[in-house]
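Colleague:
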Amino acid sequence: MKIAIIGHGNVGGALAKRWAQAGHLCVIGARDPKSDKVIDLIQGANGVSATEVKHCVRGAGAILVATPPDAIPGIAEEIGDVSNSIIIDATNSVFKKPEGYDNGLEAFKALTNAKSVVKCFNTTGFENMENPDYNNVKADMFLAGGNKEAKALAEQLAKDAGFGEVYDFGGDDKVALIESFAMAWINLAIMQKYGRGMAFKVLRR
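Numbering (the working numbering), first residue to last: 11 to 215.
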């Protein structure tokens, strides 16, 4: 599958490499695809390339957005027709929000013609995307949204990236909850100084 990745920071870069290793074609969308940062990211990463944002989404089955949430209105305008794509919103509106909206999923649903939108890959640090394995125990991933097809795709891509189980928080009305869950990781890892080498694992009887 072709996956467009908008946002070439730690999260976008880590997932691009993991998905490329799983056999996907990953195209980074950047305002300056020839910048040193982008070149460093794609250098030596088979299956990962870069182009301008408006071009990276063409023919993509999935579009991962891993940017600050206040960039979303501009991204939505730039990507144009994405009616055949599923947007995976990895943003967190815990400190900033897309102007006029409570969260990224709500903004993308309103501002684009995407096939559907799902919230995923927002609840942990990029280190766990680079390596979700803890002594042969895989960290779990979490998602939310109202579209079953989008959720199924996000679940598969989470497993392709090496995560263990994928837990469904519920519909669009649970996006605020899953973003609060992300804040719990941020609080523990950074504010309470447990360190970024930690991840969530659900235990069930």
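We put the CB at the ideal spot given by N, CA and C, even for glycine.
Per the contact definition of three or more C-beta pairs closer than 8 Å, is the stretch 100 to 117 in contact with the stretch 46 to 61?
Modeller: Contact fails: fewer than three Cβ-Cβ distances are below 8 Å.
Colleague: Identify every run of the beta strand (DSSP E) within the stretch 55 to 89, keeping only runs that are complete inside it and at least 3 residues long; order them along the chain.
Modeller: Segments of the beta strand (DSSP E) lying fully in the stretch 55 to 89: 58 to 61, 72 to 75.
Colleague: Which whole runs of the alpha helix (DSSP H) in the stretch 119 to 181 are 4 residues long or more, in chain order?
Modeller: Correct list: 136 to 140, 158 to 170.
Colleague: Can you give the Cα-Cα distance for K107 and A117, rounded to whole angstroms?
Modeller: Those two C-alpha atoms are separated by around 9 Å.
Colleague: Within the same chain, show all residues whose beta-carbon is closer than 7 Å to that of K119, passing over the 5 residues directly before and after it, in chain order.
Modeller: Around K119: V127.
Colleague: Taking 8 Å as the threshold (C-beta atoms), are L35 and G17 in contact?
Modeller: Contact flag unset, no.
Colleague: May I ask you to list the residues that DSSP assigns as paired with I15?
Modeller: DSSP lists I38, L74 as partners of I15.
Colleague: Could you check where the beta strand (DSSP E) with I200 kicks off and where it finishes?
Modeller: Premise fails: I200 is in no beta strand (DSSP E) and is neither H nor E.
Colleague: How is the alpha helix (DSSP H) around D91 delimited, first residue to last?
Modeller: Taken as a continuous stretch (DSSP letters only), D91 belongs to no alpha helix (DSSP H), as it is neither H nor E.
Colleague: Flag this pair as yes or no: are the beta carbons of L153 and D183 separated by less than 8 Å?
Modeller: No, these two residues do not count as a Cβ contact at 8 Å.
Colleague: Output the distance between the C-alpha atoms of L163 and V176, rounded to the nearest integer angstrom.
Modeller: Roughly 11 Å separates the two Cα atoms.
Colleague: How would you label D150, buried or exposed, when you count the other beta carbons within 10 angstroms and need 16 or more for buried?
Modeller: Burial call: buried.
Colleague: For K129 and S95, which I take to be in contact (beta-carbon distance under 8 Å), what is that distance rounded to the nearest angstrom?
Modeller: About 16 Å; that fails the 8 Å criterion.
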